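Protein chains in written order, with my numbering: chain A, 1 to 334; chain B, 1 to 356.
Backbone N, C-alpha and C fix where the C-beta goes; we use that ideal spot for every residue, glycine too.
If you're wondering where the values come from, they're calculated on a predicted model, not measured in any experiment.
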Amino acid sequence: MLYTVFADIVPPVVSDGIVYASAMALLASGITLIYMCTKTFNFAHASMATWGLFVVYTGVSLYGGSPYNYLVLAFLFGSLLGIMNYLFVTGPLLRRNASEVTLMMSTLGYELVLLSAVQIYADFLTKVYKLYPRLITMSTYDFQVYGIKASMILSLIIALSILISLHLFLVKTKFGIAIRATVENPDLAKIIGIDAEKVYISSWILGGGLASLGGAVAALVVTGSPYMGWSLIVSMFAASILGGLYSVYGGILGGFVIGLAEYPGLYALSGIMGNWVLAYRPVVPLIIMVIALFIFPRGLAGIPWSTLLKTPPKETLRKAVETLTDKFRKNVKT
Amino acid sequence: MAMLPPLIYLIVYILTQFSIFLIVTLSLNLEVGHTGIPQFGRVIAVIAGAFAVGAVPGRILAYFLGLPFGEEYASTTSNFAIVTAINNLLANNILLAFVYFISSLFLAAVFGGFIGWLTSRPAIRLREAYLGISLLAFGDVFMWFGYNYQPLVGGSTAIAVPDPFAWFPGDRFLFASAVILIFAVLTFIATEMLTRSPFGRTLKMLRDNELTTEVSGKDIVVVRTRSLVIGSAMAAVAGALYVMYVGRCNASAFSRLTWTFWPWAYMMLGGTGSNIGIVLGVLVFIIIRTLITLYRYELSAFLPFDPLWLEYTLAGLAIILIVLFRPYGLIPEKPTPTLPRERIEQFLEESNKERD
Chain A
1 MLYTVFADIV PPVVSDGIVY ASAMALLASG ITLIYMCTKT FNFAHASMAT WGLFVVYTGV
61 SLYGGSPYNY LVLAFLFGSL LGIMNYLFVT GPLLRRNASE VTLMMSTLGY ELVLLSAVQI
121 YADFLTKVYK LYPRLITMST YDFQVYGIKA SMILSLIIAL SILISLHLFL VKTKFGIAIR
181 ATVENPDLAK IIGIDAEKVY ISSWILGGGL ASLGGAVAAL VVTGSPYMGW SLIVSMFAAS
241 ILGGLYSVYG GILGGFVIGL AEYPGLYALS GIMGNWVLAY RPVVPLIIMV IALFIFPRGL
301 AGIPWSTLLK TPPKETLRKA VETLTDKFRK NVKT
Chain B
1 MAMLPPLIYL IVYILTQFSI FLIVTLSLNL EVGHTGIPQF GRVIAVIAGA FAVGAVPGRI
61 LAYFLGLPFG EEYASTTSNF AIVTAINNLL ANNILLAFVY FISSLFLAAV FGGFIGWLTS
121 RPAIRLREAY LGISLLAFGD VFMWFGYNYQ PLVGGSTAIA VPDPFAWFPG DRFLFASAVI
181 LIFAVLTFIA TEMLTRSPFG RTLKMLRDNE LTTEVSGKDI VVVRTRSLVI GSAMAAVAGA
241 LYVMYVGRCN ASAFSRLTWT FWPWAYMMLG GTGSNIGIVL GVLVFIIIRT LITLYRYELS
301 AFLPFDPLWL EYTLAGLAII LIVLFRPYGL IPEKPTPTLP RERIEQFLEE SNKERD
């Protein structure tokens with residue numbers, strides 16, 4: 001183990017958990033962004049993430065250097081995959097007013113194509129460069145800063161800076177406001193002259209880029225293989241559903257909750273319940289998702305945070321609680 | 001045992017795969033094509049059937065034979081010996097084998113129906129994408145539970161399943177394939193009758209317009225629940241047949257790719273909502289997949305990668321092309337007449353005469 005060389009200040013469970021949670025936040029915010037804009041639940045996120053890992057892996061093993069040098073390249077490659085999907089699959093279907101399930105299915109087709117492409121590429125790497133890309137441990141390329149793993153600091157910085165720049169993009173720029181208007185009401189946005197097509201394609205550019213970036217970051221703690229994204233996809237979906245699918249911030253929050261629950265949370269739980277719990281790691285995000293769907297059918301972003309957090313007068317607080325209980329009751333009844 | 005030419009074995013293999021996946025895809029079509037539920041968790045019901053047959057009937061037989069039936073039944077060291085003893089018994093007792101076979105299928109159907117009822121609870125309150133993803137997630141939970149909880153069906157190692165076809169003097173696999181094919185044909189006929197019945201038309205009305213269904217006095221919740229229970233029971237029977245055919249129950253064999261996404265691809269190729277289209281879709285896909293597997297080594301001579309991945313490319317491209325250019329599949333769904341055709345023509349003639 002590499003850890004024994006330096007005395008770790010942060011226990012590996014926590015640092016790995018933070019890397020994983022940051023990756024989940026990036027992945028879930030991508031899914032949420034795409035769903036908000038184009039009403040497409042993107043199955044292809046799985047192999048887009050895997051392609052992010054493979055861009056970084058190819059760069060590191062053929063040209064050398066640190067994996068962090070290739071993250072921008074991974075983002076760009078993911079954007080390219082997103083654009084291709086929009087131009088050839090989702091775009092034509094959106095113009096035809098296809099149903100949500102049809103859109104979902106079409107991205108599943110794209111996912112299978114991308115999955116086979118990644119497998120073929122992995123075989124190609126083995127045959128031509130004598131690499132073995134079916135069992136990748138990216139963490140060996142990681143370095144340490146004063147006894148803290150760089151992956152933990154950098155992934156947190158990446159996730160937070162993306163969060164802040166996304167926020168600034170959506171709130172301050174004209175195009176960001178156009179995106180929010182289209183999400184709110186597509187027909188009205190078209191009437192005032194917003195080009196919906198541009199909004200849709202930019203959501204796929206950003207979403208695809210975030211997917212590949214997230215995959216590349218996740219590979220720092222997860223064993224990389226052509227099936228990496230395929231095994232992470234359920235956690236990604238759970239995180240984005242937990243976030244509520246209607247707000248990028250919700251997606252980021254959901255990603256952090258799921259990621260932290262899967263690593264440090266489960267580790268803490270195993271201290272109470274015994275080690276057998278650790279085998280059920282993939283089940284954790286799903287349990288959280290189910291509980292969240294029962295209590296908040298619209299996700300974390302659907303909770304009226306602004307009214308709850310403002311230390312409101314008693315009257316407003318009572319109202320907020322009433323609406324919440326009302327929602328809950330309706331939910332139980334129907 | 002007479003040696004049969006390999007071509008026959010190939011055809012039998014294709015027919016068996018076809019039969020099992022036909023049942024699964026028909027059940028999927030009942031829920032997706034006819035009722036409009038985004039069933040992305042088909043694997044749940046298949047697992048329910050497979051695990052039920054893998055875990056329960058063998059233990060009951062072991063109990064009556066005086067063999068260990070508790071946790072030791074599923075342990076890798078003793079499972080093989082116990083099931084071999086049970087198989088010896090079944091091979092000499094045709095009636096017992098028959099009862100075992102039928103009651104196992106019945107058990108699987110009951111388990112599957114129960115799982116269908118459970119999944120219908122969220123299906124009533126969640127919207128399209130949320131529901132699809134929840135079902136997908138539940139499928140993974142089931143698989144992980146079977147994979148990690150060793151006493152159920154052996155965990156990460158396969159558990160042997162008592163063989164109801166062991167008494168057959170000839171080739172056991174040929175006989176089993178024939179039985180499974182008969183079941184597939186029966187399922188097809190039953191589904192066709194069900195979807196032509198008033199209940200089937202209610203399902204289609206629910207799919208096309210919820211409001212109309214409510215206005216005409218149907219309880220949406222009840223209709224959806226029934227569709228899910230019937231569909232899940234069918235899929236569970238397919239899972240049970242598969243497990244008994246292979247003779248092993250392996251939790252990791254029940255992945256969402258094999259038992260959810262492949263059936264979706266078959267269904268979309270054949271035609272969502274059309275039962276006869278499903279038959280064609282499953283047949284075409286199974287034949288192509290088998291041929292790719294068969295010529296794997298011949299193809300790999302001039303391809304720089306494993307040709308197995310071409311299966312994925314093919315399925316993905318097929319889904320995309322169908323969605324884009326033939327959204328109703330190879331054989332599109334036809335409207336089901338409420339009366340036989342002759343009766344309708346008779347009515348038309350009568351009304352024409354009256355007008356004259």
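Tell me the DSSP bridge mates of residue i?
i	result
Ala160/B	Arg248/B
Gln144/A	Lys149/A
Gly224/A	Ile136/A
Return the chain-ordered list of same chain residues with a C-beta closer than 7 Å to the C-beta of residue i, the five sequence neighbours on each side being excluded.
i	result
Thr72/B	It should be noted that the sequence gives Glu, not Thr, for residue 72/B. Excluding residues within five positions, the ones whose Cβ falls inside 7 Å are Ser78.
Ala7/A	Its pLDDT being 46, under 50, Ala7/A is placed unreliably by the model, and the measurement read from it follows with that caveat. Excluding positions up to five away in sequence, the list reads Gly147.
Ser106/A	Val89, Thr90, Leu93
Could you tell me the distance, in whole angstroms, from the CA atom of residue i to the CA atom of residue j?
i	j	result
Leu108/A	Pro264/A	32 Å
Phe362/B	Ala62/B	This structure cannot speak to residue 362/B, because chain B is shown only from 1 to 356.
Asn209/B	Leu291/B	42 Å
Ile191/A	Met152/A	46 Å
Ser161/A	Gly36/B	42 Å
Val321/A	Gly193/A	40 Å
Gly217/B	Val141/B	37 Å
Ile241/A	Ile94/B	52 Å
Leu206/A	Met84/A	13 Å
Tyr295/B	Ala117/A	20 Å
Asn185/A	Ser203/A	16 Å
Val221/A	Ile291/A	27 Å
Met104/A	Gly243/A	19 Å
Leu321/B	Ser227/B	29 Å
Ser165/A	Leu269/A	35 Å
Leu2/A	Trp144/B	Annotation note: pLDDT 45 at Leu2/A (below 50); position unreliable, coordinate value reported separately. Their backbone Cα atoms lie some 31 Å apart in a straight line.
Ile120/A	Asp306/B	7 Å
Gly176/A	Ser225/A	36 Å
Tyr100/B	Trp259/B	25 Å
Val257/A	Ala21/A	7 Å
Gly170/B	Asn88/B	16 Å
Ser104/B	Arg59/B	12 Å
Leu30/B	Tyr246/A	31 Å
Val284/B	Ala240/B	24 Å
Phe41/A	Gly155/B	32 Å
Ala74/B	Ala301/B	42 Å
Since residue i meets chain B, which of its residues come closer than 8 Å, beta carbon to beta carbon?
i	result
Met105/A	Trp264, Met268, Ile319, Val323
Glu111/A	Gly316
Phe328/A	Residues of chain B passing the Cβ test: none, with the nearest at roughly 12 Å.
Phe237/A	Ile133, Leu136, Ala137
Name the chain B residues whose beta carbon is nearer than 7 Å to that of residue i?
i	result
Ile120/A	Phe305, Trp309
Val89/A	Ile320
Val339/A	Summary: the structure shown does not reach residue 339/A, with chain A confined to residues 1 through 334, and so no result is reported for it.
Give every residue of the same chain whose Cβ lies closer than 8 Å to the Cβ of residue i, excluding the five residues on either side of it in the sequence, and list them in chain order.
i	result
Leu28/B	Gln39, Arg42, Gly231, Ala235, Pro263, Trp264, Met267
Leu286/A	Val234, Ala238
Leu10/B	Thr290, Leu294
Leu62/A	Tyr129
Cutting at 6 Å between CB atoms, please list the residues of its own chain near residue i, excluding the five before and the five after it.
i	result
Thr4/A	Only weak support exists for where Thr4/A lies, its pLDDT of 45 falling under 50; the coordinates are left without a value.
Ala48/B	Phe111, Gly112, Ile115, Ala236
Ala412/A	Nothing about residue 412/A can be reported from this structure: the residues present for chain A run from 1 to 334 only.
Ser15/A	Lys149, Met152
Ala315/B	Ala265
Could you list which residues in chain B have their beta carbon closer than 9 Å to that of residue i, in chain order?
i	result
Ile194/A	None at all; the shortest Cβ gap to chain B is about 24 Å.
Ile400/A	Summary: the structure shown does not reach residue 400/A, with chain A confined to residues 1 through 334, and so no result is reported for it.
Which chain A residues are close to residue i, counting only those with a beta carbon under 9 Å from its beta carbon?
i	result
Ala45/B	The premise fails here: Ala45/B is roughly 18 Å from chain A at the closest Cβ pair, so nothing lies under 9 Å.
Taking C-beta pairs closer than 7 Å, name the residues in chain A that residue i reaches, listed in chain order.
i	result
Asn148/B	Ala279, Tyr280
Pro38/B	Val101
Phe261/B	Leu108
Using a Cβ cut-off of 8 Å, pull out every chain A residue sitting near residue i, in sequence order please.
i	result
Phe302/B	Going along chain A, no residue has its Cβ under 8 Å from Phe302/B, so there is no contact; the nearest lies around 13 Å.
Tyr312/B	Leu112, Val113, Leu115, Ser116, Gln119
Leu330/B	Result: empty, since nearest Cβ-Cβ is about 16 Å, beyond 8 Å.
Entirely enclosed alpha helix (DSSP H) segments - the stretch 149-193 of chain A, minimum 4 residues: 150-172, 174-184, 186-191
In chain order, each alpha helix (DSSP H) run of at least 4 residues that lies wholly inside the stretch 24-83 of chain B: 42-55, 57-65
Return the chain-ordered ranges of every alpha helix (DSSP H) run that is complete within the stretch 296-331 of chain B and spans a minimum of 4 residues. 296-300, 309-325
What are the uninterrupted segments assigned as alpha helix (DSSP H) that are 4 or more residues long and contained completely in the stretch 58-105 of chain A, given in chain order? 71-85, 91-95
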